[in-house]
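Please read the structure below before turning to the comments.
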Amino acid sequence: MRELAPPARATGGFERARLLACLVVLLVALPAAAQQPQAPEGFDQEEYEKTIETILCDCGCHPQSVKDCACGRAAEMRREIAAFITGDADSGPRTARQVIDMYVAEKGEQVLVAPEARGFNLLAWLGPLVALAGALVGVTWLARRWSHGRGGQDDAAAAGTSASDADGGPVSDADAAYIRRVQRELQESE
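Following the working numbering, the numbering of the sequence shown begins with 431 at its first residue and continues without gaps.
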């Protein structure tokens, strides 16, 4: 049998240049993609993180926190926030709460990722819980009412008192006659 020769490989400089270009693109793109916004040195990282996670980016694209948004406006806002926290801005250093309050005073509460749980906003947090509790109470009441059914009528008929329907109203003559006949048959069978 005859041996087949392996396919010919391009040994030219074009293949090597293409491979080198791909390698350079990967080496440049990977660190940039993996980079997370970091606070400048000299202040509390937790204050910075809390602030950039609480404030929405105002770039106009999909609403994301300043931390998660990748647009140029978010990078600018991160620098502004860092300057406010370090005190490099117009006044001394500020806490995360002060910076958040400043943004809310300037742009309104829509700048927050989630509404704060105070005042009217409490309804957004507690409303669903109250509705769920009310639904649970309603379903429990309805299930009890359905499970007890007309059991109270049989007891009233056996005691010789007049029976009433589930709403407490009088029973029709036909129903009363039927109840008396059932009671009579039960007494005869005993």
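Quick reminder that beta carbons are idealized off the backbone N, C-alpha and C, glycines included. Please read all numbers here as calculations on a predicted model, not as lab measurements.
C-alpha distance - residue 515 paired with residue 450, whole-angstrom precision: 43 Å
Segments assigned alpha helix (DSSP H), at least 4 residues, entirely inside the region 480-532: 502-516
Alpha-carbon to alpha-carbon, residue 478 and residue 502: 18 Å
Residue span of the alpha helix (DSSP H) that contains residue 474, given as start and end: If you look at residue 474, you'll find it isn't in any alpha helix (DSSP H); DSSP assigns it neither H nor E.
Backbone CA spacing between residue 527 and residue 573 [nearest angstrom]: 48 Å
Under the three-state DSSP convention, the category residue 545 falls into: The three-state reading of DSSP puts residue 545 in coil, since its state is none of H, G, I, E or B.
Distance between residue 570 and residue 603 (C-alpha atoms, nearest Å): 33 Å
CB contact flag (residue 621, residue 511, <8 Å): The chain is shown only over 431 to 620; residue 621 falls outside these bounds and no answer can be derived.
Reference residue 494; option with closest CA among 578, 541, 601, 620: Nearest to residue 494 by C-alpha distance, out of 578, 541, 601, 620, is 541.
Where the alpha helix (DSSP H) containing residue 557 begins and where it ends: 552-578
Rounded straight-line distance, which links the Cα of residue 554 to that of residue 610: 57 Å
Start and end residues, alpha helix (DSSP H) containing residue 618: 603-619
Straight-line Cα distance separating residue 475 from residue 575: Roughly 58 Å between the two C-alpha positions.
Buried versus exposed, by CB contacts within 10 Å (16 or more), residue 524: Its Cβ being crowded by 16 or more others within 10 Å, residue 524 is buried.
Rounded straight-line distance, which links the Cα of residue 568 to that of residue 508: 49 Å
Among 543, 616, 513, the one whose alpha carbon lies nearest that of residue 499: Selected option, being the one with the closest Cα: 543.
Separation of residue 557 from residue 563, as counted between CA atoms: As the crow flies, the alpha-carbon of residue 563 is around 10 Å from that of residue 557.
Burial state of residue 537 (16 or more Cβ within 10 Å): exposed
Backbone CA spacing between residue 559 and residue 607 [nearest angstrom]: 49 Å
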